[in-house]
Amino acid sequence: MKISFKVKIFGLLFAFLLILTACAKNSNTNSNQNTNNTNVAAINSNANTNSTLTYSYPGQDGKTAMELLKAKFTGITTTKSGNAEFVKGINGLEAGAKQYWGFYVNGKAASVGASDYQTKATDTIEWKLISY
1 MKISFKVKIF
11 GLLFAFLLIL
21 TACAKNSNTN
31 SNQNTNNTNV
41 AAINSNANTN
51 STLTYSYPGQ
61 DGKTAMELLK
71 AKFTGITTTK
81 SGNAEFVKGI
91 NGLEAGAKQY
101 WGFYVNGKAA
111 SVGASDYQTK
121 ATDTIEWKLI
131 SY
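Under the UniProt record's numbering, think of the first position of the sequence shown as 1, with each following residue one higher.
This is the structure we're talking about:
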């Protein structure tokens, strides 16, 4: 029994569409991993071609900025000096020789350390990699 040319083409086309559909479903499952707006990273550039890497997340009543940072991001490295804890790296990105991670609340440099700042749900917490 010979299979006609049209049946072979139809079978190949059907198999191709089946594979294409399976691949499309796999790519959509990972496209929306972060639905809670916490791990936001942006690079802000200005006219001087300097850029600042910024991580931001919303505050949460009853939690310190440091607690939230450690809960929301991976690769957090810190160093302690007395009671103060300084952030050296976020998401595995360590501050360089002439850099530091600046801590901001609602767009302004924080007046206390991240371990001491009790966030509010209305706060926006930012960490900026600052070069000097």
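Even glycine gets a Cβ: it sits at the ideal position worked out from N, Cα and C. These numbers were taken from a predicted model, which means no experiment stands behind them.
Around M66, the same chain offers E85, A114, S115 as residues with beta carbons nearer than 7 Å, after the five sequence neighbours per side are excluded. Judged by DSSP secondary structure, A65 falls within the alpha helix (DSSP H) whose first and last residues are 65–72. Here the region 104–111 makes no contact with the region 76–96; the two share fewer than three CB pairs at distances below 8 Å.
Runs of the alpha helix (DSSP H) lying entirely within the region 87–119, each at least 4 residues long, are absent.
For the options T122, G82, T77, Y117, the alpha carbon positioned closest to that of Y100 is the one of T77. When E126, T122, L53, I130 are compared, the shortest CA-CA separation from K72 is found for E126.
In the three-state scheme derived from DSSP, where H, G and I count as helix and E and B as strand, I76 is classed as coil. Counting of Cβ neighbours within 10 angstroms places Y55 among the buried residues, the total reaching 16 or more. Annotated as proximal: T119 and K63, with beta-carbon spacing under 8 Å.
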